[in-house]
Amino acid sequence: MSDAHVIRYRGQRLGPRASLPEVQVTSECECGVRVALPLYLDKVNHSPTGFEWGYEGSGPAQLAFAILYHYYCHEFKSELVKSLGVSRVRELYQSFKRDFVTKWGDTWEITSTELGAWIDHQYEERDKRCQSTGKELSSK
Ligand SMILES: [Zn+2]
Numbered sequence: 177m178s179d180a181h182v183i184r185y186r187g188q189r190l191g192p193r194a195s196l197p198e199v200q201v202t203s204e205c206e207c208g209v210r211v212a213l214p215l216y217l218d219k220v221n222h223s224p225t226g227f228e229w230g231y232e233g234s235g236p237a238q239l240a241f242a243i244l245y246h247y248y249c250h251e252f253k254s255e256l257v258k259s260l261g262v263s264r265v266r267e268l269y270q271s272f273k274r275d276f277v278t279k280w281g282d283t284w285e286i287t288s289t290e291l292g293a294w295i296d297h298q299y300e301e302r303d304k305r306c307q308s309t310g311k312e313l314s315s316k
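Letter by letter, the sequence shown follows residues 177 to 316 in my numbering.
Laid out in structure tokens, this is it:
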């Protein structure tokens, strides 16, 4: 992924936390693409009312999914990889929520570089678990 462009995801609260706080989440890439991050409710539907962060819940789950899914779509343009990306995102987004989204304060920012490193780490850990399980099985 050496020639991938860096995307910055940013969130901020526009007012005090209320029953339905106003939040803004944007994605801005080096390539010039700048969008309000879509909810992607057609892919996963936790929170039709919008994104949230800073706790465990449906709004944070929606945000975790949306960031990872947007990242995959933007990094990998082909339709095949996009469709594969959905299943990878489904595997990862609850962990991403716990590791990042639940910990964010009123404003936050994460780059695609950080995301990519975190995703690589998840798969390294999983590969290690698979290898150690294989050893246990073969030694019996
Ligand atoms: Zn870009």
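Glycine included, C-beta positions come from ideal geometry on N, C-alpha and C.
- In the DSSP assignment, glutamate 198 falls outside any beta strand (DSSP E), carrying neither H nor E.
- Annotation: the stretch 205-287 contains the following complete segments of the beta strand (DSSP E) (minimum length 3 residues), in chain order: 210-212 and 283-287.
- Between tyrosine 269 and leucine 244, the C-beta gap is smaller than 8 Å, which places the two residues in contact.
- Beta-bridge pairing by DSSP links isoleucine 183 to Cys205.
- With 16 or more neighbouring CB atoms inside 10 Å of its own CB, alanine 242 falls in the buried class.
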